[in-house]
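Residue numbers (the numbering used here), protein chains in the order written: chain A, 53 to 150; chain B, 4 to 187. A virtual CB, placed ideally from N, CA and C, is assigned to each residue, including glycine. Step one of this worksheet: look at the structure below.
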């Protein structure tokens, strides 16, 4: 390769720079988003089912908890009433737990 | 796409290999522009270049387990996109029965895909490069237009540096002839 060749290629390289394909930022962002979408871990059937059932299970748990608390309150109130014992002795009535 | 031994890049690759898909963003951001440029240099079609860049990154991600730690990512993704682009070109040739003369190929390009050429000089250079045989054309385009070094071109095209220099030397001779009136 001669000096002439070198100079020719150098000049050509300078002039050829205008031919460069410039990908704009919007296009780069679009390609990047598509890549991200394609490599994102795909949910399994179990994941999909879990995503449906998780809120349902949470709702049912809340209901069960509320019911359990309600029942406990009722039972404790009920047992208080039930502990009232009436004793009749010689025509007199005695109450225990009133 | 230099072999720069970037520690951030090595860390990102290690994280991706451990299953952290988000860590791949850093690699895509670093190399996407270059990968799209290589795809465009081969296909000369903006839509194909976009699709190929996307496909190359997805394939690289799917095969990241095979990637050898410590190696630079750039030449690897460059080779992937180059092979994909060559496949597209083969497919095109096969299905379009393209036996067009080299000069005719330049003429039938989609104008929208060609960068705006500020003057006749750009158009002349572009046509001269397009008239070269395939490998000379690609090597010349990557060297002259994309300003890639011999080593980078060799890594991306999976050729020896000597072969790249040889292609460039032949391309130089032909381009000098074709553009003699401009560079005398």
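For residue 56 of chain B, the closest alpha carbon among the candidates A:124, A:83 and A:103 is that of A:83. If you compare the alpha carbons of B:60, B:92, B:91 and B:65 with that of residue 78 of chain B, the shortest gap goes to B:60. If only uninterrupted beta strand (DSSP E) runs of at least 3 residues are considered, none is enclosed by the stretch 133-173 of chain B. Check the Cα spacing between residue 70 of chain B and each of B:18, B:42 and B:170: the tightest is with B:18.
Residue 78 of chain A and residue 167 of chain B have their C-alpha atoms roughly 34 Å apart. For the stretch 66-100 of chain A, the set of positions with a beta-carbon nearer than 8 Å to some beta-carbon of chain B reads 67, 68, 69, 70, 71, 72, 73, 74, 75, 79, 80, 82, 83, 84, 86, 87, 88, 90, 91, 92 and 93 in chain order. Chain A places a beta carbon closer than 8 Å to that of residue 147 of chain B, counting this residue as a contact. Inter-segment contact for the stretch 78-92 of chain B and the stretch 29-49 of chain B is present: three or more beta-carbon pairs are separated by less than 8 Å.
In the three-state reduction of the DSSP assignment, residue 145 of chain A falls in the strand class, which pools E and B. Residue contact check for residue 76 of chain B against chain A: no CB pair falls below 8 Å. Look at residue 61 of chain B: its C-beta is under 8 Å from a C-beta on chain A. Residue contact with chain A for residue 9 of chain B: absent (no Cβ-Cβ distance below 8 Å to any residue of chain A). Sequence-distant Cβ neighbours of residue 15 of chain B in its own chain, meaning closer than 6 Å and more than five residues away, are 26, 29 and 30. A residue is called buried once 16 or more other Cβ atoms fall within 10 Å of its Cβ, and residue 141 of chain A, having fewer, is exposed.
When Cβ-Cβ separations below 8 Å define contact, residue 81 of chain B makes no contact with chain A. For residue 181 of chain B, not one C-beta of chain A is nearer than 8 Å to its own C-beta. Residue 81 of chain B counts as buried, since at least 16 other C-beta atoms from the protein chains shown sit within 10 angstroms of its C-beta. Residue environment for residue 105 of chain A: exposed (fewer than 16 other C-beta atoms within 10 angstroms of its C-beta). Using a Cβ-Cβ cut-off of 9 Å, residue 128 of chain B is close to 64, 67, 68, 70 and 71 of chain A, given in chain order.
The three-state reading of DSSP puts residue 74 of chain B in coil, since its state is none of H, G, I, E or B. Against residue 105 of chain A, chain B offers no close residue; the least beta-carbon distance is about 25 Å (beta-carbon pairs closer than 7 Å).
Cβ neighbours of residue 40 of chain B within its own chain (closer than 6 Å, five residues either side excluded): 149. Around the beta-carbon of residue 38 of chain B, 16 or more other beta-carbon atoms lie within 10 Å, marking it buried. Taking C-beta atoms as the reference points, residue 179 of chain B and residue 60 of chain A count as a pair closer than 8 Å.
Excluding the 5 residues flanking it on each side, residue 20 of chain B has same chain C-beta neighbours closer than 7 Å at 67 and 68, in chain order.
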